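**Q** Below is the structure I would like to discuss, written out as structure tokens.
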Amino acid sequence: MLLEQVEYVRPTSLEEALAVLTEVDGAAPLAGGQSLVNVLKNRVASVDLLVDISRLSELRSITRSPDGGLDVGACVTYDELDRSPEVREVHFTLGDVAAHIEDQQIRNKGTIGGNCCLSDPTNNLPPILAALDAVMSLRSASASRRVPAAEFFKGYFATALEPGELLVSVTVPPMPARSGAGYASLHVAADAKAMARAAAWVQLDAGEQTIAATRVVLARMASVPVRDAGVEARLAGAEAGEAAVRDACAVAAEGLRPIDDVHGSSDYRREMAKVMARRAVMQAIDQARGGGDGAERTRRGGRG
Amino acid sequence: MTERGTSHAISVTVNGERVSRVVSARQLLVHFLRDTLGLTGTHIGCDTGNCGACTVVVDGKLVKSCMLLAPQADGGTVETVESLAADGQLSDLQRAFNEHHALQCGYCTPGMLMSATYLLRQNPDPSADDVRRAIRGNVCRCTGYVNIVEAIRSAGSAGKATLATGSAEEV
Ligand SMILES: Cc1cc2nc3c(=O)[nH]c(=O)nc-3n(C[C@H](O)[C@H](O)[C@H](O)COP(=O)(O)OP(=O)(O)OC[C@H]3O[C@@H](n4cnc5c(N)ncnc54)[C@H](O)[C@@H]3O)c2cc1C
Ligand code: FES
Ligand code: FES
Chain A
1 MLLEQVEYVR PTSLEEALAV LTEVDGAAPL AGGQSLVNVL KNRVASVDLL VDISRLSELR
61 SITRSPDGGL DVGACVTYDE LDRSPEVREV HFTLGDVAAH IEDQQIRNKG TIGGNCCLSD
121 PTNNLPPILA ALDAVMSLRS ASASRRVPAA EFFKGYFATA LEPGELLVSV TVPPMPARSG
181 AGYASLHVAA DAKAMARAAA WVQLDAGEQT IAATRVVLAR MASVPVRDAG VEARLAGAEA
241 GEAAVRDACA VAAEGLRPID DVHGSSDYRR EMAKVMARRA VMQAIDQARG GGDGAERTRR
301 GGRG
Chain B
1 MTERGTSHAI SVTVNGERVS RVVSARQLLV HFLRDTLGLT GTHIGCDTGN CGACTVVVDG
61 KLVKSCMLLA PQADGGTVET VESLAADGQL SDLQRAFNEH HALQCGYCTP GMLMSATYLL
121 RQNPDPSADD VRRAIRGNVC RCTGYVNIVE AIRSAGSAGK ATLATGSAEE V
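Each protein sequence line maps, in turn, to chains A and B. Residues in the first sequence are numbered consecutively from 1, following this note's numbering. Residues in the second sequence are numbered consecutively from 1, following this note's numbering.
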């Protein structure tokens, strides 16, 4: 397909990239291109200058932060998240979510930064990053700031990014002792977009019998991932077992109006949010007890 | 910084041969391969990143060449389906596709072969599930995939060992 005429430039440093993005009206960062190239084909947005940030070494690394969390550069690909021993060790579920995005070809190009900056409500990473309480580091030519994931996503294809600003990295805090994460999605077919999705983080109390703290995030219920305060309130102090979790998740998505379309009605999606929330929370409890993937953490460095 | 502009002089090693061309910034890599270099083995099915017919290997990574711009490949290496048959001899993988009747119209085949090549480099002895996961991004409207999975497995090391020992056991 023939794209509209466009300019291209490949800066060799982050500073150069930020300068070009500030100076040129109509400049847009090009990361994995797995959404942007289609946007250009469809001519739904017009871009005058593509600033290729995908090779910038400043945006390409995964490091352990001093507190034991992770700093993930914006241009780290899904495949790199999947295969990173650091990611698997600290945040197994994040690696696992990345490992199940679409297919190998897309995972080799698509980036964590692009996945977040597009703010497509069907994208896989925003809800898990919100559940893990990640923080987005943004930079412009003149300033830097940090925005919690929960405040970064503003609406359909809208984020907190200002013109000229780049997402440079995503900081995921460490997984505390006796905590774990979970993620569940409902698809009409394996390669269809999710209709309902939940991501959860759970911390158990010292005896590992009751829930001490949670974050439960629903996706596809609104234009952005949303914390479900109703479910979280019912889970606090509840027994960490199927019956109590099912009971707490029965109020999931209350007051939300997910879309109605050929794949399912709004009511059906809301009903399914309860199931996704329950599955995500149960997975998180299992991981908090060192089950499945939590064992990875236990094996390598104790429960903290 | 590369010079900013609507056209770019790029240098790419394609199937082992270094080529230098001036390309338009808006040219998709798949058009560079097919139209500029005449390598028409790489097909275009959907042009939206969904079908995998345009799959090639760029800098060692499997990608869909309709989802990349030609200037993004500058300085790198590209492997297309034309690289598989050395000196006109079909590779083991290509022969396995033939023997297992893993193609009908053949439209998806170049992409399937590249995804299979990438898989076998990382995992020389894939299970049927490994193969299905590896070709998830490649759509075939004809075969129903069963023979494709068998062909790829038989080109793996276990399959080759079976052939070498002459065992008739099902792979
Ligand atoms: C057929 C198909 C199906 C897919 N299915 C899914 C799916 O189910 N789930 C899923 O999660 N993903 C899916 N993807 C992949 C996903 O849509 C993209 O990879 C992702 O949305 C964009 O990431 P990217 O790195 O490719 O970014 P690009 O396409 O390069 O950029 C996307 C947008 O973000 C901006 N941007 C990129 N990086 C930055 C940055 N660091 N700072 C500021 N702005 C930035 C760009 O300017 C652009 O507006 C699919 C892709 C395809 C082709
Ligand atoms: S033509 Fe590239 S994925 Fe279909
Ligand atoms: S053989 Fe016809 S599409 Fe696969």
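Ideal Cβ positions, reconstructed from N, Cα and C, are used throughout, including at glycine. Just so you know, these numbers come straight off a predicted model, no measurement behind them.
Cβ of residue 41 (chain B) within 7 Å of Cβ of residue 78 (chain B)?
**A** no
**Q** Whose C-alpha, out of A:7, A:30 and A:15, is nearest the C-alpha of residue 26 (chain B)?
**A** A:7
**Q** Taking three-plus beta-carbon pairs below 8 Å as touching, is the region 49-68 of chain B in contact with the region 106-126 of chain B?
**A** Touching, yes.
**Q** Compute the Euclidean distance between the alpha carbons of residue 120 (chain B) and residue 135 (chain B), then round it to the nearest angstrom.
**A** Taking the straight line joining both Cα atoms gives about 12 Å.
**Q** If you count every other CB in all the chains shown that lies within 10 Å of the CB of residue 260 (chain A), and 16 or more means buried, which is it?
**A** exposed
**Q** Run down chain B in chain order and give the residues with a C-beta less than 8 Å from the C-beta of residue 215 (chain A).
**A** In chain order: nothing, as chain B lies at least about 30 Å away.
**Q** Does the distance from the C-beta atom of residue 158 (chain A) to that of residue 185 (chain A) stay below 7 Å?
**A** no
**Q** Under a three-way DSSP split, which group does residue 297 (chain A) fall into?
**A** Here the model assigns residue 297 (chain A) a pLDDT of 49, short of 50, so the residue's position is not dependable and the matter cannot be decided.
**Q** Looking only at its own chain, which residues have a Cβ that is under 8 Å from the Cβ of residue 1 (chain A), when we skip the five neighbours before and after it?
**A** 41
**Q** I want to see whether chain A comes within less than 7 Å of residue 75 (chain B), judged by CB atoms only; does it?
**A** Chain A, which has no Cβ nearer than 7 Å to the Cβ of residue 75 (chain B), makes this no.
**Q** So the alpha helix (DSSP H) residue 128 (chain A) belongs to, where does it begin and stop?
**A** 125-131
**Q** In terms of residues, what are the limits of the beta strand (DSSP E) holding residue 8 (chain A)?
**A** Per DSSP, the unbroken beta strand (DSSP E) holding residue 8 (chain A) starts and ends at 7-9.
**Q** Going by alpha carbons, who is nearest to residue 21 (chain B) out of B:56, B:75 and B:66?
**A** Shortest Cα-Cα distance from residue 21 (chain B) to any of B:56, B:75 and B:66 involves B:75.
**Q** I want to verify the contact list: residues of chain B whose CB lies under 9 Å from the CB of residue 278 (chain A), in sequence order.
**A** Under the 9 Å cutoff, chain B gives no residues; its nearest Cβ is about 27 Å from residue 278 (chain A).
**Q** Name all residues in chain order for which at least one heavy atom of ligand 4 lies closer than 5 Å to the residue's CB.
**A** With respect to ligand 4, the structure offers nothing, as its ligand set consists of ligand 1, ligand 2 and ligand 3.
**Q** If we require 4 or more residues per run, which alpha helix (DSSP H) segments fall completely within the region 244-294 of chain A?
**A** Here the runs fully enclosed are 266-288.
**Q** Please confirm whether residue 131 (chain A) and residue 199 (chain A) have their CB atoms less than 7 Å apart.
**A** yes
**Q** Where does residue 103 (chain A) sit, in a helix, a strand or coil, going by DSSP?
**A** Three-state result, residue 103 (chain A): coil.
**Q** Can you check DSSP and say which residues form a bridge with residue 190 (chain B)?
**A** The requested residue 190 (chain B) does not occur in the structure, where chain B is confined to residues 1 to 171.
**Q** Please report whether the beta-carbon of residue 1 (chain B) lies at a distance below 7 Å from any beta-carbon of chain A.
**A** yes
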